[in-house]
Amino acid sequence: MAKDSGLTLTDIALRLGMPPSSAHRILATLQKHGFAEFNGSAQEWSVGIEAFRVGNAYLVGTNLLEAAREFMRRLMDETGETANLAIADNGEVVFLSQVESHNPIRAFFRPGTRGHLHASGIGKALLANMGRDEIETILQKRGLPEFTPKTLTSPKALYANLETTRMRGWSFDDEERYLGMRCIAAPIFNGFGEAIAGISVSGPTVRFPDGKIAEIGPVVKRAADEVTAKIGGRAPALESD
């Protein structure tokens, strides 16, 4: 069906080798979830917008992984720390890929690992580029749980942190998820100027002393900007509130 502009129920049933009644039940379920559409006047079924969204997200994710890998390796070489790639999904940060540091003590996030956006370097880099309404929806759904004494657990503190992040172009997780671990991250943008992912370096606080944070931040931002350029994205123009 994906290769055709539309097919009748009979055509679909013949192609699938099943009774029209069975095919219709399947199509009705797909239609309910947006994966199929029915044109009543032509009596034809076609692919729904949700199928396009999922397929497009897969392609974007695949291209993103390929585009980011070389810059993640270089970022690890330049900083000596583990480089990470993650996205936001359903109000959480989801780690997609990692290039591990050669140091014996390092951060490790298995692909698919999920976490709270407010207590993550990449999570805050993505939140900083969301609209206020979207952030509030996430906070209402996920809350601001405390993981360490440094976790930002009030909306006021989080919004102030996000504004700083947005203006300088990179975020700083100061032991907000794990004591003794720090992370610096920056957003990756698509062609519409939307933050679709983030790249970061993370490691023990002892290797991220206060004096090095301002040096590492621009390095991470440059890597994120290079991934953005490689996928044909663009950073949005900064606007003051």
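With this note's numbering applied, the sequence shown corresponds to residues 5 to 245, in that order.
All residues carry an ideal CB built from backbone N, CA and C; glycine is no exception.
No experiment lies behind these values; they were computed from the predicted model shown.
* **Test: Thr-152 CB closer than 7 Å to a CB of chain B** => No chain B is present in this structure, which holds just one protein chain.
* Per DSSP, what kind of secondary structure is Leu-63 in: helix, strand or coil? -> Model confidence at Leu-63 stands at a pLDDT of 47, short of 50, so the residue's coordinates are unreliable and nothing is read from them.
* To do: Just tell me which of Thr-209, Leu-130, Phe-39 and Glu-96 has its CA closest to the CA of Tyr-182.
  => Of Thr-209, Leu-130, Phe-39 and Glu-96, the residue nearest in Cα terms is Thr-209.
* Asked: With a cut-off of 8 Å, do at least 3 Cβ pairs link the segment 143 to 156 to the segment 196 to 210?
  -> Verdict: no, contact absent.
* **Sequence-distant residues of the same chain with beta carbon closer than 8 Å to Glu-82, five excluded per side** => Excluding sequence neighbours, Glu-82 sits near Val-223.
* Asked: Span of the beta strand (DSSP E) holding Ser-50?
  -> That run of the beta strand (DSSP E) goes 48 to 51.
* **Extent of the continuous alpha helix (DSSP H) run through Met-134** => Note, Met-134: premise wrong, no alpha helix (DSSP H); not H, not E.
* Output the residue ranges of the alpha helix (DSSP H) runs that lie fully inside the segment 6 to 43 and measure 4 residues or longer, sorted by chain position. => Counting only runs that start and end inside the segment 6 to 43, the alpha helix (DSSP H) elements of at least 4 residues fall at 13 to 20 and 24 to 36.
* **Cβ-based burial, Ala-201 [other Cβ within 10 Å; buried from 16]** => With 16 or more other Cβ atoms within 10 Å, it is buried.
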